[in-house]
Amino acid sequence: DAGVIQSPRHEVTEMGQEVTLRCKPISGHNSLFWYRQTMMRGLELLIYFNNNVPIDDSGMPEDRFSAKMPNASFSTLKIQPSEPRDSAVYFCASRGSRQLLYGYTFGSGTRLTVV
Amino acid sequence: DQQVKQNSPSLSVQEGRISILNCDYTNSMFDYFLWYKKYPAEGPTFLISISSIKDKNEDGRFTVFLNKSAKHLSLHIVPSQPGDSAVYFCAAVYQGAQKLVFGQGTRLTINP
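Line by line, the protein sequences give chains D and C.
The numbering of the first sequence is our numbering, which starts it at 623 and goes up by one.
The numbering of the second sequence is our numbering, which starts it at 356 and goes up by one.
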């Protein structure tokens with residue numbers, strides 16, 4: 623099991639550019655979560671999917687952020703246009719339907735820097 | 356609105372001593388609490404959890420205490436080891452919800 627795979631590991635981009643973060647969940651897991659880590663707020667949930675369907679996107683900061691899950695093995699988080707305040711570490715996590723709450727498996731994260 | 360709060364950004368403890376990490380929550384609907392541990396350049400990993408029907412859960416060197424009336428939980432690590440140096444996140448969830456609500460994290464440093 624390769625775990626949750628995120629790419630890229632690091633991304634440096636200029637303000638105003640589009641940024642796309644990618645996530646491959648663990649095979650068989652049917653829930654996928656996107657979190658953002660900042661010093662001030664810790665780990666914030668941005669959006670989560672069940673069976674590829676977005677369930678709760680109330681944590682998405684604003685319209686510049688969008689997320690998709692076209693199939694069970696792939697999800698993207700897109701920021702367009704990016705701003706310096708979007709700089710953070712973005713984590714993807716997945717969980718199977720039969721797993722308990724602690725069954726979240728996190729990826730290693732994408733460190734985004736917007737200059 | 357921060358529903359789960361870890362007010363200590365960092366904590367430094369001598370090896371062999373007890374480490375106590377604290378967490379407060381505001382939402383009385385939360386009924387399950389978890390601690391995650393995070394090393395640099397890695398994602399958080401589950402450490403220990405507790406249900407609201409209990410006030411204590413122990414797993415080896417790790418014990419979590421829950422005080423529902425104070426809406427407070429703590430993680431005790433005894434004895435502390437250098438490998439415990441990491442960021443610890445407190446998280447909470449309520450029945451029927453799927454999403455974990457995390458705190459800001461506390462960076463624990465164990466000094467030899």
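For each residue, glycine too, the CB sits at the ideal point set by N, CA and C.
Nearest candidate by alpha-carbon position, reference residue i, set the options
{"i": "residue 362 of chain C", "options": "C:393, C:427 and C:391", "result": "C:427"}
{"i": "residue 709 of chain D", "options": "D:625, D:633, D:629 and D:650", "result": "D:633"}
{"i": "residue 694 of chain D", "options": "D:715, D:646 and D:642", "result": "D:646"}
{"i": "residue 688 of chain D", "options": "D:696, D:677, D:730 and D:702", "result": "D:702"}
{"i": "residue 471 of chain C", "options": "C:453, C:402, C:417 and C:360", "result": "Outside the displayed range of chain C (356 to 467) lies residue 471 of chain C, so it cannot be described from this structure."}
{"i": "residue 367 of chain C", "options": "C:448, C:407 and C:436", "result": "C:436"}
{"i": "residue 684 of chain D", "options": "D:675, D:699, D:673 and D:672", "result": "D:699"}
{"i": "residue 447 of chain C", "options": "C:371, C:365 and C:403", "result": "C:403"}
{"i": "residue 392 of chain C", "options": "C:456, C:401 and C:385", "result": "C:401"}
Other residues of its chain near residue i: CB distance less than 7 Å, five sequence neighbours each side excluded
{"i": "residue 719 of chain D", "result": "652"}
{"i": "residue 705 of chain D", "result": "637 and 736"}
{"i": "residue 658 of chain D", "result": "666, 668, 710 and 712"}
For residue i, the residue or residues it bridges with in DSSP
{"i": "residue 459 of chain C", "result": "Looking at the DSSP assignment, residue 459 of chain C forms no beta bridge with any residue, so it has no partner."}
{"i": "residue 693 of chain D", "result": "D:696"}
{"i": "residue 653 of chain D", "result": "D:672 and D:717"}
Cβ distance (whole Å) where residue i is taken to contact residue j below 8 Å
{"i": "residue 378 of chain C", "j": "residue 429 of chain C", "result": "7 Å"}
Residue i classed as buried or exposed, judged by whether at least 16 other C-beta atoms fall within 10 angstroms
{"i": "residue 411 of chain C", "result": "exposed"}
{"i": "residue 628 of chain D", "result": "buried"}
{"i": "residue 396 of chain C", "result": "exposed"}
Own chain, CB closer than 6 Å to residue i, minus 5 neighbours either side, in chain order
{"i": "residue 644 of chain D", "result": "629 and 698"}
{"i": "residue 376 of chain C", "result": "430, 443 and 461"}
{"i": "residue 420 of chain C", "result": "411 and 429"}
Beta-carbon contacts of residue i that lie in its chain and below 8 Å, excluding the five residues immediately before and after
{"i": "residue 650 of chain D", "result": "718"}
{"i": "residue 373 of chain C", "result": "431, 432, 433, 434 and 435"}
{"i": "residue 466 of chain C", "result": "367, 368, 369 and 370"}
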